[in-house]
Amino acid sequence: MGKNLLLVGYNYYPELTGIGKYSSEMINWLAENDYDCEVITTYPYYPYWSVQEPYRKKRFWYSTEIQQVGDKKIKVHRCPMYVPTKPSGLKRMLLDVSFFISAFIRILMLMPKRKFDYILTVAPSFQVGLLGYFYKKVRKAKHIYHIQDLQIEMAKDLKMIKSPKVINALFKVEKFIMKNSDTVSSISKKMVDKVQKKSQKEVVLFPNWSDTKSFYPLPDRNKIKENFGFKAEDKIILYSGGMGEKQGLDAILYAAQEHKKYQFIFCGTGPYKLQLRKMAKRMELKNVHFFPLQPHESFNSFLNMADLHLVVQKNVASDLVMPSKLNTILSVGGLALITANKATGLHNLVKKNKMGILVDAENQNALNQGINQAFSKNGEETRMTRNARIYAETHLSLNKVMKNFEDSALKNV
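Here the numbering used here is used: the first residue of the sequence shown is 32, the next is one more, and so on.
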């Protein structure tokens with residue numbers, strides 16, 4: 032096989048969080064390791080749910096740009112896509128369909144110009160796998176179908192799609208995609224097991240990673256707190272990430288109401304952020320602060336400021352998505368309080384490696400008690416933070432994860 036690869040997915044650089052971060056870092060690594068890569072994506076919108084500058088004026092039509100990675104060039108083809116300001120089940124379906132159509136047109140435009148040896152499609156949206164199947168059949172490429180979120184299960188469990196007929200039809204399409212892919216991969220052991228059961232074929236574990244060189248423990252947390260406008264003696268509890276329905280983030284506000292001696296920070300953006308702000312104001316929570324997404328150059332310091340990091344999800348999400356924010360928390364050696372019920376993949380991973388405090392999901396009393404445990408000063412929190420950094424260095428380095436993926440998903444297809 033040659034080393035020409037086409038990635039198709041609607042999240043990509045310059046999105047700094049979520050799937051876009053991992054897709055762009057993956058392509059950068061492949062380019063630096065002699066793969067000739069091109070990308071079909073849309074204009075950056077996540078987690079703002081609005082196309083960002085300097086792309087906003089271009090968002091209604093196609094464009095192509097060249098990104099430089101070292102001495103390598105990556106051609107990025109951007110497609111128009113419907114982006115709802117307030118995503119709902121129906122609007123997310125329209126988003127997926129609009130990208131599917133515009134990306135299909137772009138693939139047709141690329142076909143006469145060059146042949147790719149691999150086409151790698153990233154779900155969500157799960158439908159992009161059909162584009163991989165189409166390209167594979169026409170140009171005899173190898174199709175790699177990578178699953179970041181179990182999108183259909185999520186839509187079903189969160190009741191974003193309520194029709195059983197629609198859900199069953201979507202599962203049939205997904206099964207067809209997986210059956211006709213050369214390689215199927217996913218990001219956690221539990222998700223791999225679920226996908227293997229659905230697809231009846233071997234699935235490759237391709238976990239998300241952490242940039243352990245850019246994110247690492249820093250000394251003098253008190254000084255960092257002062258740099259961000261807090262007192263050295265303040266205890267900082269941080270939630271950093273997207274703010275959407277699946278996290279159940281209002282629980283953090285009730286925890287702040289219970290623990291008024293601690294300072295709670297929300298960092299990031301998303302469709303639920305405005306509602307959280309309104310709730311905090313209505314509850315008169317003077318110890319709750321909202322920060323925008325932090326620039327990359329100061330993000331390591333910002334994360335190191337926190338005495339406790341919150342990884343909060345609803346119960347139905349615990350086995351359907353692996354929170355990417357946790358990887359970065361582990362990398363900085365942060366103390367994480369994680370809502371994950373027993374027997375879920377996330378619970379098992381954290382418990383096995385003793386690298387965080389676990390409490391039941393959607394249990395306010397358990398969350399409140401977990402915060403008390405974090406500040407009990409029994410020495411256990413120090414062991415957890417040490418284990419967190421060790422796990423990140425051992426299992427989450429970009430180079431190690433990508434080499435394993437290359438061996439299992441590219442060289443062996």
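Ideal Cβ positions, reconstructed from N, Cα and C, are used throughout, including at glycine.
Every value quoted in this text rests on a predicted model; they were computed, and no experiment measured them.
ask   = Does the distance from the CB of Leu280 to the CB of Leu307 come in under 7 Å?
value = yes
key: CB of Asp265 within 7 Å of CB of Lys254, strictly   = Going by C-beta atoms, Asp265 is not nearer than 7 Å to Lys254.
request  = Kindly indicate the opening and closing residues of the alpha helix (DSSP H) around Ala200.
outcome  = 195 to 210
message = Per DSSP, what are the beta-bridge partners of Phe322 in this structure?
response = Cys298
Endpoints, the beta strand (DSSP E) within which Tyr149 is located = 149 to 154 is the extent of the beta strand (DSSP E) around Tyr149.
inquiry  = For Asp67, list the residues DSSP reports as bridge partners.
reply    = Asn35
message = Mapping the DSSP letters down to three states, classify Ser447 as helix, strand or coil.
response = Outside the shown range of the chain (32 to 444) lies residue 447, about which nothing can therefore be said.
message = One question on the structure: do Leu341 and Leu361 come within less than 7 Å of each other, judged by their Cβ atoms?
response = no
query = What are the start and end residues of each continuous alpha helix (DSSP H) run of 4 or more residues lying completely inside the stretch 69 to 149, in chain order?
reply = 120 to 141
ask   = Between the stretch 178 to 191 and the stretch 213 to 223, are three or more C-beta pairs nearer than 8 Å?
value = The stretch 178 to 191, when compared against the stretch 213 to 223, does touch it at the 8 Å Cβ threshold.
request  = Sort Lys173, Lys144, Met142 by Cα distance to Ile150 and report the nearest one.
outcome  = Lys173
inquiry  = Distance check for Ile268 and Cys298, CA to CA, integer angstroms please.
reply    = 11 Å
ask   = Would the beta-carbon of Glu69 fall within 7 Å of that of Lys34?
value = no
Chain-order list of residues whose beta-carbon lies under 7 Å from that of Thr359 (same chain, five-residue window excluded) = Ser241, Phe246, Leu334
key: Minimum C-alpha distance to Gly376 - residue among Leu61, Ser439, Pro238   = Pro238
ask   = Ser329 lies in the beta strand (DSSP E); which residues open and close that run?
value = That residue, Ser329, is in no beta strand (DSSP E); its alpha helix (DSSP H) goes 327 to 336.
key: Contact set for Glu424: own chain, Cβ-Cβ below 6 Å, skip 5 residues either direction   = Around Glu424: Thr243.
inquiry  = Taking the straight line between their C-alpha atoms, what separation do you get for Ile58 and Gly275?
reply    = The straight-line gap from Cα to Cα measures roughly 27 Å.
message = Using only CA atoms, which one of Phe165, Ser332, Gln182, Pro78 lies nearest to Phe259?
response = Ser332
query = How would you label Leu162, buried or exposed, when you count the other beta carbons within 10 angstroms and need 16 or more for buried?
reply = buried
task = Over the uninterrupted beta strand (DSSP E) stretch that includes Ser245, give me the two end residues.
result = No beta strand (DSSP E) contains Ser245, which DSSP labels as neither H nor E.
message = Within 10 Å of its beta-carbon, does Thr152 have 16 or more other beta-carbons around it, so buried, or fewer, so exposed?
response = buried
task = Identify, in the order they occur along the chain, each residue of the same chain with its Cβ nearer than 6 Å to the Cβ of His386, setting aside the five sequence neighbours on each side.
result = In the sequence as presented, His is not what sits at residue 386; that position holds Met. Cβ neighbours of Met386 beyond the five flanking positions: Met415, Asn418, Ala419, Tyr422.
request  = Name the two residues that bound the continuous alpha helix (DSSP H) containing Lys408.
outcome  = Run containing Lys408: none; DSSP gives neither H nor E here.
ask   = Taking the alpha carbon of Met209 as the point to measure from, which residue in Phe157, Val319, Arg123, Pro248 has its own alpha carbon closest?
value = Phe157
query = Between which two residues does the beta strand (DSSP E) harbouring Leu389 extend?
reply = DSSP places Leu389 inside the beta strand (DSSP E), whose first and last residues are 388 to 390.
ask   = Apart from the five residues just before and just after Leu380, which ones in its own chain have a Cβ nearer than 8 Å to its Cβ?
value = Ser219, Lys220
message = Just to confirm the assignment, what range does the alpha helix (DSSP H) spanning Lys355 have?
response = Just to set this straight, residue 355 is Ser in the shown sequence, not Lys. Taken as a continuous stretch (DSSP letters only), the alpha helix (DSSP H) holding Ser355 covers 355 to 362.
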